[in-house]
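Participant: Under my numbering, read the first sequence as residues 1 to 483, first letter to last. All C-beta atoms in this analysis are idealised placements derived from N, C-alpha and C, irrespective of residue type, glycine included. The structure presented is a predicted model; accordingly, all values stated were derived computationally and were not measured. Take a look at this one; I'll ask things after.
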Amino acid sequence: MTTTAIVWLRRDLRIDDNPALNRALAESERVIPLYIHAPEEEAPWQPGAASCWWLHHSLRALEISLRRRGSGLVIRRGGSGTVLREVARESGAGLVCWNRLYDLWAGPRDEGIGKTLAGAGIHVKVHHGSLLREPWDNVKDDGSMYRVFTPFWRRYLLTGPEEVPEPGPAELPPLPRGLGSLSVEDLDLVSRIPWHRAFGDCWQPGEAGAMARLEDFLGRSAVFEYGRERDLPGQDGVSGLSAHLHFGELSARQVWHAVLQAAGGSGGAGEHGVPERVRPFLRQLTWRDFAHHILHHEPRTAEDPFDRRYRSFPWDENPELVLAWQKGRTGIPLVDAGMRQLWHTGWMHNRVRMLAASVLTKNGLVHWLNGARWFWDTLVDADLANNTMGWQWTAGCGVDAAPYFRVFNPARQGERFDPRGDYVRTWVPELAAMPSRHIHEPWRAPEAVLRQAGVVLDEDYPRPVLNLADGRAEALRRFRALG
DNA sequence: TTTTGAGTTGTTCGA
DNA sequence: GTCGAACAACTCAAA
């Protein structure tokens, strides 16, 4: 029996259902939970500012709960391979366990580190802990990847059940004495510019916060209304678990099984193991697996259109539009509401993400990567697989993408999904007194209505900085020319 | 082997 | 006001 094992924690910042941690505990007497800060290894997609804020708080939460169980968290900085060898040497560890990451930079890096450690006589165990299934497990009969979601999802239903989560330890062995560690603060993750000051009111990073959110989502039965409510940004109809899932504060498996349990389903093999009333939500959860499936099989798509024809698409440079879009000053209320919610809370409702992306790429003809990079920096749930898939879907160049002619109309979207204007009123307070009929198109409102609402266009709130109809027509021309 | 039908998230136009 | 058609091309699995 190996006496000391290192658990290399990355984006599995939890104690429950952590296969690497359980493995280390099963095979050794002493266990060292280790976090290595090496953002430069993640280039060119180093964590953005909002992600770093989340990471800071998540690490603190993890450290506290590890200590409560009798252990602690060792934090180091430097090349991951080097630090792992150092800590192994200092502690005499003969085993390193981790849960797999799927990012393009992580695969080769981890494989290299695994070989180096093995060469130094250290055992390595790699586990599956982030997705419902490994990206290579849910493939077509001929072994190739899926390009359409529905068949991918159908296969989940037919070939379930999903793995059951493993309970985590109630107690942990103490850390070996004398192991040096940085503090979370030393990592300097939180920007000195306090633009994230409201994040703490919205989010509780860490395993306990993740569990509380899941329990709330299930407890108030929102999961059963998800099919209807998830599209309404002014309502509390979604789970809000995205960032928790990204950092692995809870696993997709835990969510899957908790939902099934709440629905009283067996979760057994065959489609009927998944009750109808939780299918809409579990289907969305499976989209996360699908995004990782795509990026695993086509890693180039983080920056290159999945549909290669789009490489020659004539995007426009439009820095003024990009700036207005980022600041939530486009003059299109629903888009501005979303962009301000993003800036303020580090998160945006998915319905509005699609609209904001559609306006930037299809009305504004700006390359989707401009939007993807902004989201990357400002979203607390920024995830390369999800972000890439979402932006390429909207731009029309991705897997199972929106057809080029599907261009969202912000006013129509507002009527359908924010009919009373609640969401706009919350995030664009200068329009709060506008009547619902006109709130999504203030530039078309009669003078008297504007006056009554106390809105002076271009002073209190801008007119649209782009002509939606012209942009749409031009986009359709260019997309058609591509075919 | 070939055919067929369906496929996350939409809008506009004309009858 | 409501309704269907048009706006492509391609993937996938079942027949």
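1. Please list the terminal residues of the continuous alpha helix (DSSP H) segment that includes L34.
2. Going by DSSP in three states, A170 sits in which element: helix, strand or coil?
3. Buried or exposed for W347, please, with buried defined as at least 16 other CB atoms from any protein chain shown within 10 angstroms of its CB.
4. As a quick exercise: from E215, A324 and Y156, pick the residue whose alpha carbon is nearest that of V255.
5. Could you give the residue range of the beta strand (DSSP E) that holds C97?
6. When we look at the beta-carbon of K140 and count the other beta-carbons within 10 Å, is it buried (16 or more) or exposed?
7. Rounded to a whole number of angstroms, what is the C-alpha to C-alpha distance between T361 and R154?
8. With DSSP as the reference, label Y146 as helix, strand or coil.
9. Just curious, the beta strand (DSSP E) that R77 is in, first and last residue?
10. Comparing the CB of K362 with every heavy atom of the ligand ZN, is any distance shorter than 7 Å?
11. Among A106, I113, A210 and R23, which residue has its Cα nearest to the Cα of L62?
12. Taking the alpha helix (DSSP H) that T330 falls in, what are its first and last residues?
13. From L117 to D103, what does the alpha carbon distance come to, in whole angstroms?
14. Could you tell me the alpha carbon to alpha carbon distance between N18 and S242, rounded to whole angstroms?
15. Counting along the chain, where does the beta strand (DSSP E) carrying I15 start and finish?
16. Should G168 and I15 be called a contact, given that it needs their Cβ atoms to be closer than 8 Å?
17. In the structure shown, what three-state DSSP assignment does R478 receive?
18. Between E459, G70 and H127, which has its C-alpha nearest R329's C-alpha?
19. From which residue to which residue does the beta strand (DSSP E) around L9 run?
20. Please determine, among F149, I32, F479 and L101, the residue with the shortest C-alpha to C-alpha distance to A93.
21. Buried or exposed for F149, please, with buried defined as at least 16 other CB atoms from any protein chain shown within 10 angstroms of its CB.
22. Identify which residue in S71, V449 and A433 has its Cα closest to the Cα of E171.
23. Within 10 angstroms of its Cβ, does W136 collect 16 or more other Cβ (buried), or is it exposed?
24. Check whether the region 357-376 and the region 444-461 touch, using three or more Cβ-Cβ pairs below 8 Å as the test.
25. Need the endpoints of the alpha helix (DSSP H) that V424 sits in, please.
26. Who are Y156's beta bridge partners in DSSP?
27. Would you please state the rounded distance, in angstroms, between the beta carbons of F306 and C397? I believe it to be under 8 Å.
28. So, helix, strand or coil for H127, using DSSP?
29. Taking the straight line between their C-alpha atoms, what separation do you get for D383 and R451?
30. Excluding the five sequence neighbours on either side, which residues of its own chain have a C-beta within less than 6 Å of the C-beta of L342, listed in chain order?
31. Under a three-way DSSP split, which group does V352 fall into?
32. Please state if the CB of S239 and the CB of F217 are separated by a distance shorter than 8 Å.
33. Straight-line CA distance for L34 to L73?
34. Could you give the C-beta distance for L13 and S58, rounded to a whole number, given that I count them as a contact under 8 Å?
35. Suppose the cutoff is 8 Å on Cβ atoms and the five residues either side in sequence are ignored; what does the same chain contact list for R444 look like?
36. Smallest Cα separation from C97: which of D186, Y146, H128 and E42?
Facilitator: From the atom records:
1. The residue you call residue 34 lines up with position 34 of the first sequence. Not the alpha helix (DSSP H): L34 falls in the beta strand (DSSP E), residues R30 to H37.
2. Translated into positions along the first sequence, residue 170 becomes position 170. Coil, per DSSP.
3. What you label residue 347 is simply residue 347 of the first sequence in a count that begins at 1. Buried, because 16 or more other Cβ atoms sit within 10 Å of the Cβ of W347.
4. For the purposes of this step, residue 255 is identified with residue 255 of the first sequence, where counting begins at 1. Selected option, being the one with the closest Cα: E215.
5. Position 97 of the first sequence, counted from the first residue, corresponds to residue 97. That run of the beta strand (DSSP E) goes L95 to N99.
6. Indexing the first sequence from 1 puts residue 140 at position 140. Per the 10 Å Cβ criterion, exposed.
7. Working through the first sequence from its first residue, we reach residue 361 at position 361. Working through the first sequence from its first residue, we reach residue 154 at position 154. Their Cα atoms are separated by approximately 31 Å.
8. Reading the first sequence from its first residue, position 146 is the one you call residue 146. Coil, per DSSP.
9. Position 77 of the first sequence holds residue 77. Where R77 is concerned, the enclosing beta strand (DSSP E) stretches over V74 to R77.
10. As far as ligands go, the structure on display features none, and thus does not contain the ligand ZN.
11. Counted from its first residue, the first sequence places residue 62 at position 62. For L62, the nearest C-alpha among the options comes from A210.
12. If you number the first sequence from 1, residue 330 lands on position 330. Neither: T330 is in no alpha helix (DSSP H) and is coded neither H nor E.
13. In the first sequence, counting from the first residue as 1, residue 117 sits at position 117. In the first sequence, counting from the first residue as 1, residue 103 sits at position 103. Distance between the alpha carbons of L117 and D103 is about 21 Å.
14. Taking the first sequence and counting its residues from 1, one reaches residue 18 at position 18. Taking the first sequence and counting its residues from 1, one reaches residue 242 at position 242. One C-alpha to the other measures close to 18 Å.
15. Counting from 1 along the first sequence, the entry for residue 15 is found at position 15. Taken as a continuous stretch (DSSP letters only), I15 belongs to no beta strand (DSSP E), as it is neither H nor E.
16. What you label residue 168 is simply residue 168 of the first sequence in a count that begins at 1. What you label residue 15 is simply residue 15 of the first sequence in a count that begins at 1. Yes. Within cutoff.
17. Taking the first sequence and counting its residues from 1, one reaches residue 478 at position 478. Correct three-state label for R478: helix.
18. Position 329 of the first sequence, counted from the start, is the residue given in the question as residue 329. Considering only alpha carbons, the answer is E459.
19. Counting from 1 along the first sequence, the entry for residue 9 is found at position 9. T4 to L9 is the extent of the beta strand (DSSP E) around L9.
20. Within the first sequence, numbered from 1, the residue matching residue 93 stands at position 93. When only C-alpha atoms are compared, the closest one is I32.
21. For this step, residue 149 is matched to residue 149 along the first sequence. Burial call: buried.
22. Taking the first residue of the first sequence as 1, we reach residue 171 at position 171. Ranking S71, V449 and A433 by Cα distance to E171 puts S71 first.
23. Taking the first residue of the first sequence as 1, we reach residue 136 at position 136. It counts as exposed.
24. no
25. Position 424 of the first sequence, counting from 1, holds the residue named residue 424. Where V424 is concerned, the enclosing alpha helix (DSSP H) stretches over D422 to W427.
26. In the first sequence, counting from the first residue as 1, residue 156 sits at position 156. Looking at the DSSP assignment, Y156 forms no beta bridge with any residue, so it has no partner.
27. Residue 306 sits at position 306 when you count from the first residue of the first sequence. Residue 397 sits at position 397 when you count from the first residue of the first sequence. Right, the Cβ-Cβ distance comes to about 6 Å (below 8 Å), so this counts as a contact.
28. On the first sequence, residue 127 is found 127 positions in, with the first residue counted as 1. Looking at H127 - three-state DSSP - the assignment turns out to be strand.
29. Counted from its first residue, the first sequence places residue 383 at position 383. Counted from its first residue, the first sequence places residue 451 at position 451. C-alpha separation (whole angstroms): 43 Å.
30. Walking along the first sequence from the start, residue 342 turns up at place 342. Here the set comprises M348 and T378.
31. Position 352 of the first sequence holds residue 352. Here V352 sits in helix by DSSP.
32. Reading the first sequence from its first residue, position 217 is the one you call residue 217. Reading the first sequence from its first residue, position 239 is the one you call residue 239. Yes, Cβ-Cβ distance for F217 and S239 is below 8 Å.
33. Numbered from its first residue, the first sequence carries residue 34 at position 34. Numbered from its first residue, the first sequence carries residue 73 at position 73. Between L34 and L73, the C-alpha separation is close to 6 Å.
34. Counting from 1 along the first sequence, the entry for residue 13 is found at position 13. Counting from 1 along the first sequence, the entry for residue 58 is found at position 58. Contact flag correct, Cβ pair sits at about 5 Å.
35. The residue you call residue 444 lines up with position 444 of the first sequence. Contacts found: H438.
36. Indexing the first sequence from 1 puts residue 97 at position 97. Out of D186, Y146, H128 and E42, H128 has the C-alpha closest to the C-alpha of C97.
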